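Residues in the sequence shown are numbered from 0 upward in steps of one, following numbering that gives the first Met the number 0.
These notes concern the structure reproduced below.
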Amino acid sequence: MPEPGASPLPQTPSARSPLARAERFVWLNARVLEQRLFAHHFLGASADPAETALDAYRTADGGYGHALEPDLRGPVGQPPHAVYALRVLDALGRCGGRRVEQLCRHLTAVSAPDGALPAVLPSQRGYPAAPSAPIADVPAGDLLTTGPVTGLLHRNDVWHAWLFRATDFCWHAVESLRAPDPYEVQAAVTFLDAVPDRSRAQAAADRLGRLVRDRHLAVLAPDSPKAYPAPAGQHFPHDFAPVPHSVARAWFTDAEMSRSLDLLAAGQQSDGGWPPHRPRWTPSAALEARAMVTIDALRTLRSYGRPLA
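As structure tokens, then:
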């Protein structure tokens, strides 16, 4: 018990809410962009400062660069940066207007001959990048980038000529998946959640969900980790269905999803942040990714009605 006149003892970390612990982590470690996003999503702040912070990553040709996606450093625009930029704009309710029109022109200019976005453009060569980043001289289109970008544009009712061939590419890629990795599944889900042809999307989602279960891509029995080999990092039901209205939610029972959310909530680390899904190749990229993952974790828990405060 403190002496009379002394300041009250601070709460111990275990007694503080998940949101308060995450807030401290964000203020200590996050980039300005993620600080502004946290303030908007959880503290009632306007979307304007977050939108302004995102503008700092724009390139002269309408794309996004400057390590917006932490695994790709340097100033050049890259498709993974565009994916994250659209996720931010979508979450802010600002995915439209002149900024997105300029981005679509950029996407048209950097697309592969098949009309889709490569995973990484050759312009990344010479700048630091994760060893796993595939840099080819003539890269082909990739579902990992084209799926999320196409899905997010459809979700926000964006019309642009780039979407025609990109949508066709995504349909073919998604319906051709036979042995997908978890990241391809996530890209496909973002596309299927928003593409206008809902009956075709539902059929594709049903088939993809069977693949996820048959290939043990989602950890459904955490007590038996050997049953879920994961060279790219383990994934759980909430990773595929981060919101209840996703097509991927139907892949899992209520009990499986509840257990997955329990694990997500328990994954908050002692400093208040969540760990990234896979090991990062440099400390700066790891720290930046943790702030992004922390905001995603909180938003997923909240979308399923889990208490944060």
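Cβ atoms here follow ideal geometry from the backbone N, Cα and C, with glycine treated the same way.
Only a predicted model underlies this, so the values are computations on that prediction, with no experimental measurement involved.
Determine the contact status of residue i and residue j, defining contact as a CB-CB distance below 8 Å.
i: residue 84; j: residue 67; result: yes
i: residue 157; j: residue 192; result: no
i: residue 294; j: residue 36; result: yes
i: residue 21; j: residue 271; result: yes
i: residue 277; j: residue 232; result: yes
i: residue 260; j: residue 237; result: yes
i: residue 16; j: residue 307; result: yes
i: residue 194; j: residue 153; result: yes
i: residue 19; j: residue 32; result: no
i: residue 342; j: residue 145; result: The shown model of the chain, from 0 to 308, leaves out residue 342, and the question about it has no answer.
i: residue 141; j: residue 115; result: yes
i: residue 161; j: residue 103; result: yes
i: residue 280; j: residue 129; result: yes
Could you spell out where the alpha helix (DSSP H) holding residue i opens and where it closes?
i: residue 23; result: 17-28
i: residue 78; result: 78-91
i: residue 54; result: 47-54
i: residue 283; result: 282-302
i: residue 122; result: Run containing residue 122: none; DSSP gives neither H nor E here.
i: residue 198; result: 197-213
i: residue 161; result: 161-175
i: residue 33; result: 31-42
i: residue 104; result: 96-109
i: residue 182; result: 181-191
i: residue 237; result: 236-239
i: residue 255; result: 253-265
i: residue 150; result: 142-154
Counting only the same chain and skipping the five closest in sequence on each side, list residues whose C-beta sits under 7 Å from that of residue i.
i: residue 174; result: 203
i: residue 305; result: 260 and 264
i: residue 183; result: 142, 143 and 176
i: residue 4; result: Per-residue confidence for residue 4 stands at a pLDDT of 49, beneath the threshold of 50, marking its modelled position as unreliable; the derived number appears in the next sentence. Counting only Cβ-Cβ distances below 7 Å, and skipping sequence neighbours, we find nothing.
Have a look at residue i and residue j and give me their C-alpha separation to the nearest angstrom.
i: residue 62; j: residue 190; result: 20 Å
i: residue 71; j: residue 263; result: 27 Å
i: residue 221; j: residue 288; result: 24 Å
i: residue 11; j: residue 28; result: Bear in mind that the predicted position of residue 11 carries a pLDDT of just 38, short of 50, making it too unreliable to give a figure here.
i: residue 177; j: residue 257; result: 28 Å
i: residue 149; j: residue 101; result: 15 Å
i: residue 127; j: residue 69; result: 10 Å
i: residue 269; j: residue 89; result: 30 Å
i: residue 87; j: residue 213; result: 33 Å
i: residue 113; j: residue 188; result: 21 Å
i: residue 310; j: residue 91; result: Given a span of 0 to 308 for the chain in the structure shown, any question on residue 310 remains unanswerable.
i: residue 40; j: residue 285; result: 22 Å
i: residue 179; j: residue 34; result: 34 Å
i: residue 30; j: residue 75; result: 19 Å
i: residue 309; j: residue 65; result: This structure cannot speak to residue 309, because the chain is shown only from 0 to 308.
i: residue 254; j: residue 225; result: 21 Å
i: residue 223; j: residue 60; result: 49 Å
i: residue 215; j: residue 251; result: 12 Å
i: residue 186; j: residue 43; result: 30 Å
i: residue 181; j: residue 26; result: 31 Å
i: residue 23; j: residue 99; result: 33 Å
i: residue 55; j: residue 93; result: 16 Å
i: residue 282; j: residue 151; result: 30 Å
i: residue 199; j: residue 227; result: 29 Å
i: residue 123; j: residue 147; result: 20 Å
i: residue 163; j: residue 211; result: 28 Å
i: residue 167; j: residue 51; result: 33 Å
Excluding the five sequence neighbours on either side, which residues of its own chain have a C-beta within less than 8 Å of the C-beta of residue i, listed in chain order?
i: residue 9; result: Per-residue confidence for residue 9 stands at a pLDDT of 41, beneath the threshold of 50, marking its modelled position as unreliable; the derived number appears in the next sentence. For residue 9, where only same-chain residues beyond five positions count, there are no Cβ hits under 8 Å.
i: residue 14; result: The predicted position of residue 14 is uncertain, since its pLDDT is 45 and thus under 50; a value taken from the coordinates is nonetheless stated next. Once the five neighbours on either side are set aside, residue 14 has no close Cβ partner at all.
i: residue 266; result: 273, 274 and 296
i: residue 45; result: 39
How close, in whole Å, do the beta carbons of residue i and residue j come, if the pair is a contact with beta carbons under 8 Å?
i: residue 117; j: residue 108; result: The Cβ separation is near 12 Å, so there is no contact.
i: residue 230; j: residue 303; result: The Cβ separation is near 28 Å, so there is no contact.
i: residue 121; j: residue 138; result: 7 Å
i: residue 155; j: residue 96; result: 10 Å between Cβ atoms; not a contact.
Within the same chain, show all residues whose beta-carbon is closer than 6 Å to that of residue i, passing over the 5 residues directly before and after it, in chain order.
i: residue 248; result: 240
i: residue 80; result: 63, 64, 67 and 68
i: residue 58; result: 64 and 76
i: residue 73; result: 126
i: residue 159; result: 103
Distance cutoff 8 Å, beta carbons only. Does residue i sit that close to anything in chain B?
i: residue 205; result: Reference to chain B is not applicable here, since this structure consists of a single protein chain.
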